[in-house]
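Quick notes on the structure that follows.
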Amino acid sequence: MRPDVTLAELPLRPELVGEKPYGAPQLDVPVRLNVNENPYPPSAQVRAEIGQALAASALNRYPDREALGLRMALAGYLGHGVRPEQVWAANGSNEVMTHLLQAFGGPGRAVLSFTPTYSMYPEYARNTHTRYVTAPRATDYTLDAATVLGAIEEHRPEVVVITTPNNPTGTTTPLAVIEEVLSGTDAIVVVDEAYQEFARHPERTAVTLLGRFGNLVVSRTMSKAFALAGGRVGYLAASPAIVDACRIVRLPYHLSAQTQAVAEVALRHAPELLAKVDELRATRDEMLLRLPQLGVEVIDSDANFCLFGPFADRHDVWQRLLDRGVLVRETGPTGWLRVTAGTPAETQAFYDALTEVLEEIR
Numbered sequence: 237m238r239p240d241v242t243l244a245e246l247p248l249r250p251e252l253v254g255e256k257p258y259g260a261p262q263l264d265v266p267v268r269l270n271v272n273e274n275p276y277p278p279s280a281q282v283r284a285e286i287g288q289a290l291a292a293s294a295l296n297r298y299p300d301r302e303a304l305g306l307r308m309a310l311a312g313y314l315g316h317g318v319r320p321e322q323v324w325a326a327n328g329s330n331e332v333m334t335h336l337l338q339a340f341g342g343p344g345r346a347v348l349s350f351t352p353t354y355s356m357y358p359e360y361a362r363n364t365h366t367r368y369v370t371a372p373r374a375t376d377y378t379l380d381a382a383t384v385l386g387a388i389e390e391h392r393p394e395v396v397v398i399t400t401p402n403n404p405t406g407t408t409t410p411l412a413v414i415e416e417v418l419s420g421t422d423a424i425v426v427v428d429e430a431y432q433e434f435a436r437h438p439e440r441t442a443v444t445l446l447g448r449f450g451n452l453v454v455s456r457t458m459s460k461a462f463a464l465a466g467g468r469v470g471y472l473a474a475s476p477a478i479v480d481a482c483r484i485v486r487l488p489y490h491l492s493a494q495t496q497a498v499a500e501v502a503l504r505h506a507p508e509l510l511a512k513v514d515e516l517r518a519t520r521d522e523m524l525l526r527l528p529q530l531g532v533e534v535i536d537s538d539a540n541f542c543l544f545g546p547f548a549d550r551h552d553v554w555q556r557l558l559d560r561g562v563l564v565r566e567t568g569p570t571g572w573l574r575v576t577a578g579t580p581a582e583t584q585a586f587y588d589a590l591t592e593v594l595e596e597i598r
């Protein structure tokens, strides 16, 4: 085969032909509000402790395959009686979901989600040869138990994903709905709580239901609230049996010693890191009030972002904002854009840019 072979000439899996790699634009602009990162880095003290932990970690030895220290720390953080054997950690919640579909999905099996929702779910399904099926949310992007159970009856999935707060809309699904769904199915129900810490009532978590339902999985991440997007740490809480299923399919030494060390330091400083969540929650609430005043609609959000619009040509608005040095995300329902809560300076720059853009297009 020629050294300059093209992708089209390679024996690619048929379902991958024409596909493009997932990812939001990574552009060097002054204000980046497109991927829901926490804009506040850890303090100098926390960074120094991370540096010490990294220096002490062995590069010439394999890491703890089971990440027992990290899982113990995560169980302590989650509370509600969660034990270390109920926790599994991986390289971001992306790998957590991949492990779940490797274990419970696959050929002849299906995963169900409710649109609009996180755009990676169909890719997890595709990559694990799992059939991806969806049902629409209500017009206000909420979910009720009848919708979920009706879709389960129709599609018979092995795995069901309920995202709350939902990405990209920010809407939440009440615990009573999740409880009713769990009572009505034996499917694995994954409650994706990647943005739970930003919710107005973070204590209303599906973690509180783990003691009653063996088919429940609660997925979390340290990328957002803990300002650890670069650390790549996601985790789940579930029955020990579900954790064992993930252990079967995980690659050996899938979580580096350095990643485990960084995450454990972050968890020791959870109160300090999560204090910034309060600021971002307030910024989000301000956005929900300010954006309508600027003349756009906004979807009520419990996450660290807001969906705003609708626009006749959202890409044009996205580009005009980018031309002013503000990067938001072109995602979700047709006509809408998503903006992440940033620092006061970043948020004000977004308001100023959007004001100018709206004046131009009206």
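Residue numbers for the sequence shown follow the numbering used here, so the first one is 237 and each next one is one higher.
The beta carbon of each residue, even a glycine, is placed where N, CA and C say it ideally should be.
Taking the CA atoms as reference points, N327 sits about 43 Å from E595. Boundaries of the alpha helix (DSSP H) harbouring L557: 550-559, taken from the DSSP string. Three or more Cβ pairs closer than 8 Å define a contact, and the segment 452-465 falls short of that threshold against the segment 559-576. Closest option to A325, judged by alpha-carbon separation, among A435, Y587, Q496: Q496.
Relative to the Cα of T364, the nearest Cα in the group Y377, V384, T375, G342 belongs to G342.
For G545, the uninterrupted beta strand (DSSP E) segment begins and ends at 541-545.
Inclusion of F434 and D538 in the CB contact set at 8 Å is warranted, their separation being smaller than that value.
One alpha carbon belongs to M333, the other to R598, and they sit about 43 Å apart. Of all C-beta pairs linking the segment 303-320 to the segment 500-515, three or more are shorter than 8 Å, placing the two stretches in contact. Taking 8 Å as the cut-off, the beta carbon of E394 is found closer than this to the beta carbon of R345. Within 10 angstroms of the beta-carbon of V469 lie 16 or more other beta-carbons, which makes it buried. With a 10 Å radius around the Cβ and a threshold of 16 neighbouring Cβ atoms, I535 comes out buried.
With at least 16 other beta carbons inside 10 angstroms of its own, I478 counts as buried. Here the alpha carbons of L558 and F541 stand approximately 18 Å from one another. Boundaries of the alpha helix (DSSP H) harbouring V593: 580-597, taken from the DSSP string. In this structure, the alpha-carbon of Y587 lies about 19 Å from that of N274. Secondary structure at V413: helix, using DSSP grouped into helix, strand and coil. Taking a 10 Å sphere around the C-beta of L530, we find fewer than 16 other C-beta atoms and assign the residue as exposed. Within the same chain, Cβ atoms closer than 7 Å to the Cβ of E592 are found at R560, the five residues on either side in sequence being excluded. Annotated three-state conformation of G259 is coil, per DSSP. Here A374 has D380, T383 as same chain residues with Cβ atoms under 8 Å from its own Cβ, once five neighbours each way along the sequence are excluded. For F340, the enclosing alpha helix (DSSP H) stretches over residues 328-340. Exposure of E245 is indicated by the presence of fewer than 16 other C-beta atoms within 10 angstroms of its C-beta. Around G571, the same chain offers G545, P546, F547, A548, R550 as residues with beta carbons nearer than 8 Å, after the five sequence neighbours per side are excluded. For V347, DSSP records a beta bridge to Y368, V395.
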